[in-house]
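Please read the structure below before turning to the comments.
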Amino acid sequence: MAVSMEQVRVLASPTRTTHHTWALTFFCRPELYLQPSSIEQLKTIVRAAHQFKKTITVTGSGHSPSDITMTKDWLINLDNFNNVLSFSGHESGLFTDVRVEAGIRIYQLNAVLASRGLALQNLGSISDQSVAGIISTGTHGSSAYHGLVSQQIVDITLLLASGDLLTVSPTVQPDVFRAAMLSLGKLGIITHVTVRAVPSFTIHSFQEIIDFDKLLEDWTTIWTSKEYVRVWWFPYSRKCILWRAQKSGKSLSAPRESFYGTWLGRKLYESLLWFATRIYKRAMPAVERFVFRRQYGWEPTYGQGGSEAVQNSVEGLNMDCLFRQFVNEWALPLTHGVEVLKLVDRAVTSAAESGAYYVHAPIEVRCSNCSTPEKDTTPFEIIETSGGIGAIPGNTLRPLLDYSPVVPYSYAAQISNENLTLYLNATMYRPFGHDPPIGQWYSEFEHIMIAYGGKPHWAKNYIGTNPEKTTAETATGEMVGLASVFGDWYGEDGQKFRSIREKLDPDGVLLGGREWAIRNGII
Numbered sequence: 001m002a003v004s005m006e007q008v009r010v011l012a013s014p015t016r017t018t019h020h021t022w023a024l025t026f027f028c029r030p031e032l033y034l035q036p037s038s039i040e041q042l043k044t045i046v047r048a049a050h051q052f053k054k055t056i057t058v059t060g061s062g063h064s065p066s067d068i069t070m071t072k073d074w075l076i077n078l079d080n081f082n083n084v085l086s087f088s089g090h091e092s093g094l095f096t097d098v099r100v101e102a103g104i105r106i107y108q109l110n111a112v113l114a115s116r117g118l119a120l121q122n123l124g125s126i127s128d129q130s131v132a133g134i135i136s137t138g139t140h141g142s143s144a145y146h147g148l149v150s151q152q153i154v155d156i157t158l159l160l161a162s163g164d165l166l167t168v169s170p171t172v173q174p175d176v177f178r179a180a181m182l183s184l185g186k187l188g189i190i191t192h193v194t195v196r197a198v199p200s201f202t203i204h205s206f207q208e209i210i211d212f213d214k215l216l217e218d219w220t221t222i223w224t225s226k227e228y229v230r231v232w233w234f235p236y237s238r239k240c241i242l243w244r245a246q247k248s249g250k251s252l253s254a255p256r257e258s259f260y261g262t263w264l265g266r267k268l269y270e271s272l273l274w275f276a277t278r279i280y281k282r283a284m285p286a287v288e289r290f291v292f293r294r295q296y297g298w299e300p301t302y303g304q305g306g307s308e309a310v311q312n313s314v315e316g317l318n319m320d321c322l323f324r325q326f327v328n329e330w331a332l333p334l335t336h337g338v339e340v341l342k343l344v345d346r347a348v349t350s351a352a353e354s355g356a357y358y359v360h361a362p363i364e365v366r367c368s369n370c371s372t373p374e375k376d377t378t379p380f381e382i383i384e385t386s387g388g389i390g391a392i393p394g395n396t397l398r399p400l401l402d403y404s405p406v407v408p409y410s411y412a413a414q415i416s417n418e419n420l421t422l423y424l425n426a427t428m429y430r431p432f433g434h435d436p437p438i439g440q441w442y443s444e445f446e447h448i449m450i451a452y453g454g455k456p457h458w459a460k461n462y463i464g465t466n467p468e469k470t471t472a473e474t475a476t477g478e479m480v481g482l483a484s485v486f487g488d489w490y491g492e493d494g495q496k497f498r499s500i501r502e503k504l505d506p507d508g509v510l511l512g513g514r515e516w517a518i519r520n521g522i523i
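Listed below in structure tokens is the structure:
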């Protein structure tokens, strides 16, 4: 059935004609910025894209700081496709499967779940993304007892380039399900998702100051000491903030006051970053130490309890990401953590001594349990061996494009560092919209990550590797991509993803942002 251009234009946003990342790192002006609110409208767009030979890109909140969603053709935003459709509680009372339209933002879903006495089991640093977005990019939290956020997904419905709807799960076309769990928006339009939620819970957290050397000394025990653990590393201060938390039934109690949580403190911090970025770069170590003292104190509190808080799960697991930023995060085996952090510390210290470059803090250090069994495992098998903590998974399959290392499986009480993935995140803030120099820092950082088997988070500002590019070309910090190593790094799973993508979208209708896909070996 032919579609008129007017049938498509009526779905365009009346106010939005441009698209940019939240960090304001990339901008584009798509031909149409479309905001459908129904499946029929989505199907109309897909049919029209075929007819008018356009490509489609889907975007959510734009929180990926890369150019993965940049396009000159048609851009679809699913903010108006955001209803919660059904709740299916298990007779055990341990979990409820919730069917949603995939454009719903995580903060919207959190609110609906809370009204029903439910919660998501694990979250990333923020809740601004859409459900489709967190699935498509491999979002994770920080816990030895939880995997990627997509671990909570029971099934996914895709609108294919053919116009057909396809629902996949661990038992229905499992390879397509594995592809859809980290699809990079290049497989099909994710329209519906079933998420496994649990009864709402609170988080009892302990935040301590720990010396950097002490963190490395206790590395083997820290990551499994509580259900949720994350570290913020301040390299010039030689200190870290260790945040650990457990599910709790205690009454709510607020965290300590935040220096940069106030308007004045926040503006002062950003102004100091601007000064050290634009005027006097050698001030950066002093800025870091000043802010650390004001925000956290100075003397170590590790082993003394530190500051405590009891918050609802969303407030406890989310964090303040502060300012617009470049983000370069890599995943590697947690067992390499001590050696890798020593090398990064040496690089940062040496660069500061010579004035070559300065980094921003914190460098974020997190972990997840992305290990998977050889076969799909029921949630009750997991519950029986979990000791009462950790995930009740919606699935136990590994996404085809999972960038975490393959490690031995364990979700039992015997979890150790050998089962865990380390995520190391080098954030560089853009104070008042001004870009810091990132090229040399990110190049040295990535050289260390690659040497220890690391792979980058798909949605971040990595440079990548390309033997045809000179050192001068990569020193700018611009992405050269992963095309030259995609086959080696992703092997059979990567080839399987390509084959599935080509089968589901032979005409490339869903290949908006084609340059990014080519640069990174997706096609």
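All residue numbers for the sequence shown refer to UniProt numbering, where the first residue is 1 and numbers rise by one. The C-beta atom is built at its ideal place from N, Cα and C for all residues, glycine as well.
Option nearest K455 by Cα separation, candidates P405, G491, T427 and A483: P405
Under 7 Å between C-beta atoms of F259 and C240: no
Segment limits, beta strand (DSSP E) that includes I56: Residues I56 to T59.
Supposed contact pair L397 and Y490 - C-beta distance, whole angstroms, cut 8 Å: The Cβ separation is near 16 Å, so there is no contact.
Proximity below 7 Å, CB of T167 to CB of D175: no
Classification of D507 by the beta-carbon crowding that lies within 10 angstroms, buried from 16 upward: exposed
Proximity winner among K375, T139, Q7 and E270, relative to H63 (alpha-carbon distances): T139
Residues sharing a beta bridge with P456, DSSP: W330
E101 - containing beta strand (DSSP E), residue span: Taken as a continuous stretch (DSSP letters only), the beta strand (DSSP E) holding E101 covers T96 to E101.
Burial state of G306, where buried means 16 or more other Cβ atoms lie within 10 Å: buried
For Q325, three-class secondary structure by DSSP: Shown here, Q325 sits in a strand according to DSSP, grouped into three states.
Cα-Cα separation between A351 and F445, rounded to whole angstroms: 12 Å
Whether R346 touches Y423 by CB criterion (7 Å): no
C-beta atoms of L42 and L187 nearer than 7 Å: no
Exposed unless 16 or more other CB atoms sit within 10 angstroms - verdict on H447: exposed
Coil, strand or helix - E91 by DSSP: coil
Continuous alpha helix (DSSP H) stretch holding I45: start and end: I39 to F52
Run of the beta strand (DSSP E) containing W74, from where it starts to where it stops: W74 to N77
Span of the alpha helix (DSSP H) around K214: F212 to E217
Where the beta strand (DSSP E) containing K247 begins and where it ends: K239 to S248
Meets three-Cβ-pair contact criterion under 8 Å: the region 421-435 and the region 356-371: Cβ pair count under 8 Å is three or more, so yes.
Assumed close pair V509, T55 - CB separation to whole angstroms, cut-off 8 Å: 6 Å
For I126, the first and last residue of its enclosing beta strand (DSSP E): Note, I126: premise wrong, no beta strand (DSSP E); not H, not E.
Assigned exposure category for S61 - 16 Cβ within 10 Å defines buried: buried
Cβ-Cβ distance between D97 and T194 below 7 Å: yes
Beta carbon of T224 nearer than 7 Å to that of I415: yes
Beta carbon of S200 nearer than 7 Å to that of A119: yes
When L343, G163 and S136 are compared against R178, the one with the closest alpha-carbon: S136
Cβ contact (3+ pairs, closer than 8 Å) linking the region 329-343 and the region 273-287: Contact between the region 329-343 and the region 273-287 is absent: fewer than 3 CB-CB pairs across the two stretches fall below 8 Å.
Other residues of its chain near Q173: CB distance less than 8 Å, five sequence neighbours each side excluded: L166
Contact check, G163 vs V46, beta carbons under 7 Å: yes
Proximity of G512 and T25 at Cβ, strictly below 7 Å: no
Where G355 falls, given that 16 or more other Cβ within 10 Å makes a residue buried: exposed
Counted within 10 angstroms of its Cβ, other Cβ atoms place A331 as buried (16 or more) or exposed: It is buried - the Cβ of A331 has at least 16 other Cβ atoms within 10 Å.
Contact the region 31-38 vs the region 432-440: 3+ CB pairs below 8 Å: Taking a cut-off of 8 Å on C-beta distances, the region 31-38 does not touch the region 432-440, as fewer than three cross pairs fall below it.
Proximity to H20 [Cα-Cα], best of N77, H192 and K53: N77
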